[in-house]
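In what follows, a single structure is set out as structure tokens and then discussed.
Number of protein chains: 2
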Amino acid sequence: MKPSAERLSKAIGHRFSNPRHVEQAVTHRSAGSVNNERQEFLGDAILGFVIADELYRIFSEATEGQLSRLRAALVKRESLAALARSLDLGQYLSLGAGELRSGGQARDSILADALEAVFAAVYLDSGYPSAREVILNLFRDRLTVLTLESQQKDPKTRLQEYLQALKYSLPDYRIVEVSGDQHAQVFQVACVVPELSMETLGTGSSRRRAEQDAAEGVLKALNLG
Amino acid sequence: MKPSAERLSKAIGHRFSNPRHVEQAVTHRSAGSVNNERQEFLGDAILGFVIADELYRIFSEATEGQLSRLRAALVKRESLAALARSLDLGQYLSLGAGELRSGGQARDSILADALEAVFAAVYLDSGYPSAREVILNLFRDRLTVLTLESQQKDPKTRLQEYLQALKYSLPDYRIVEVSGDQHAQVFQVACVVPELSMETLGTGSSRRRAEQDAAEGVLKALNLG
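From first to last, the protein sequence lines stand for chains A and B. Final position of the first sequence in the numbering used here is 225; the numbers increase by one with none missing. Final position of the second sequence in the numbering used here is 1225; the numbers increase by one with none missing.
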């Protein structure tokens, strides 16, 4: 297996018995005639099914329309590209010279397509249960947040439950500044998440509102807002 | 199990361990709040994946665009409705009074949605391999014809191979009429398929062309053209 395929294999937590599939999955059409376009077609279908199945089970009260919208948000190009970046997929891609020069390895469409192709590669290599596992592992955080959102929880609660799910310590909220007149005070609060090396600021007309705002900032920065 | 669910179960060749799923699958939203809308969302995704997977394997030389078009043709509403009719799905449906009066059990959209819901019911009842089997059994003829078409075989050959796949006897071609001048003759040929109780007419400037035309007519009448 090429070193890049080996590293990608570790990143997605799947050991390929035949590396040919994953090597093809990271090959953009600009790099050769054996490329990931057909796999992308297959991977898109696998992904659509795995996510539909999961949403169907989690959201037992959701209507068909709500399920469709939830799925569309999860599998849209930008979401897939963000997941691809979390795997450093760009650095494993084989691109033609032109695409490389124009920064193709950072482009949303190329990353999203390659990620779908990788799902197909796992499927072709090891079957449906393995592909499902890889996909759900990758989408777990987003599915968790959707679940919490669907329970209409506030940002602080969602952030707390998200961090607990990862076994991380809870965020620390600190008042940074209180300004304004007595009857129109503005609170500025920092939300610090040590394990994620993150700190966001939130403002509001009460300490609690400023904390919610800061927590929302962390969720957004994690692409979970 | 309700008699209707029992008969449907036989028609698709799947014995449900829990008839609840299939009873829900044949319940239109006009007939109650527990209906097949959510299952349709799930079934559509299963179907999309099973067909994508099959096309990916059969058409190893097809481009992504060709695969997408093939799938779109197979799973479009009219195709699904035709398959639903081949199962007599309309007669098993639970519809509200209004839909019944307006002939909802014969409507393409209602039949297609219910068929997708039935696929989901099989999946929920018995898992992915069973759902895949039911879907592929139902699509087998269409997939066979697509395969033959992709090999660019002519209508007579495709019809012959289709009938052979079903273990039916071969079609009989008979000249019905030859008309026109010596140098501009028009042949009319009948194609008779005994087991399907079908007879079509074809015309052409040669006997062979008229036979191809008649064979094409049978394929079209079978929704396979």
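Glycine residues also receive a C-beta, built at the ideal position from the N, C-alpha and C atoms.
Chain B contact for residue i (CB, 9 Å cutoff)
{"i": "Y173/A", "result": "no"}
{"i": "A31/A", "result": "no"}
{"i": "T157/A", "result": "no"}
{"i": "E99/A", "result": "no"}
{"i": "R20/A", "result": "no"}
{"i": "F16/A", "result": "no"}
{"i": "Y56/A", "result": "yes"}
{"i": "A120/A", "result": "yes"}
Under 8 Å by beta carbon: chain B residues contacting residue i
{"i": "F49/A", "result": "A1045, I1046, G1048 and F1049"}
{"i": "Y128/A", "result": "Y1128"}
Residue i vs residue j beta-carbon contact at 9 Å
{"i": "R69/A", "j": "A112/A", "result": "no"}
{"i": "Q91/A", "j": "S4/A", "result": "yes"}
{"i": "P171/A", "j": "D213/A", "result": "no"}
{"i": "D22/A", "j": "V186/A", "result": "The question names Asp, but residue 22/A is Val in the sequence shown. Taking 9 Å as the Cβ cut-off, V22/A and V186/A do not qualify as a contacting pair."}
{"i": "L224/A", "j": "V145/A", "result": "yes"}
{"i": "H1028/B", "j": "G1103/B", "result": "no"}
{"i": "L1143/B", "j": "E1054/B", "result": "yes"}
{"i": "A1011/B", "j": "D1108/B", "result": "no"}
{"i": "A120/A", "j": "Y1056/B", "result": "yes"}
{"i": "A221/A", "j": "G202/A", "result": "no"}
{"i": "A131/A", "j": "V50/A", "result": "yes"}
{"i": "L219/A", "j": "Y128/A", "result": "no"}
Assumed close pair residue i, residue j - CB separation to whole angstroms, cut-off 8 Å
{"i": "T200/A", "j": "G180/A", "result": "Not really, about 21 Å apart at Cβ, beyond 8 Å."}
{"i": "G43/A", "j": "V118/A", "result": "7 Å"}
{"i": "A84/A", "j": "R71/A", "result": "18 Å between Cβ atoms; not a contact."}
{"i": "N18/A", "j": "D125/A", "result": "6 Å"}
{"i": "R207/A", "j": "I175/A", "result": "7 Å"}
Contact with chain A by residue i, beta-carbon distance below 9 Å
{"i": "E1023/B", "result": "no"}
{"i": "E1037/B", "result": "yes"}
{"i": "E1064/B", "result": "yes"}
{"i": "L1222/B", "result": "no"}
{"i": "Y1168/B", "result": "no"}
{"i": "Y1123/B", "result": "yes"}
Cross-chain neighbours of residue i in chain A, by beta carbon under 7 Å
{"i": "A1052/B", "result": "F41, L42 and A45"}
Neighbour list for residue i in chain A, Cβ cutoff strictly below 9 Å
{"i": "L1067/B", "result": "R38, F41 and L42"}
Any non-hydrogen atom of the ligand COA within 8 Å of residue i CB
{"i": "R1207/B", "result": "This structure simply doesn't include the ligand COA, nor any ligand for that matter."}
Q. Taking contact to mean at least 3 C-beta pairs separated by less than 8 Å, is the stretch 56 to 67 of chain A in contact with the stretch 124 to 137 of chain A?
A. no
Q) Is the stretch 1152 to 1169 of chain B close to the stretch 1025 to 1042 of chain B, with three or more CB pairs under 8 Å? A) no
Q: Kindly confirm or deny that the stretch 161 to 175 of chain A and the stretch 187 to 199 of chain A touch, where touching means at least three C-beta pairs closer than 8 Å.
A: yes
Q: Check whether the stretch 1101 to 1116 of chain B touches the stretch 1080 to 1087 of chain B, counting contact only when three or more Cβ pairs, one atom from each stretch, lie closer than 8 Å.
A: yes
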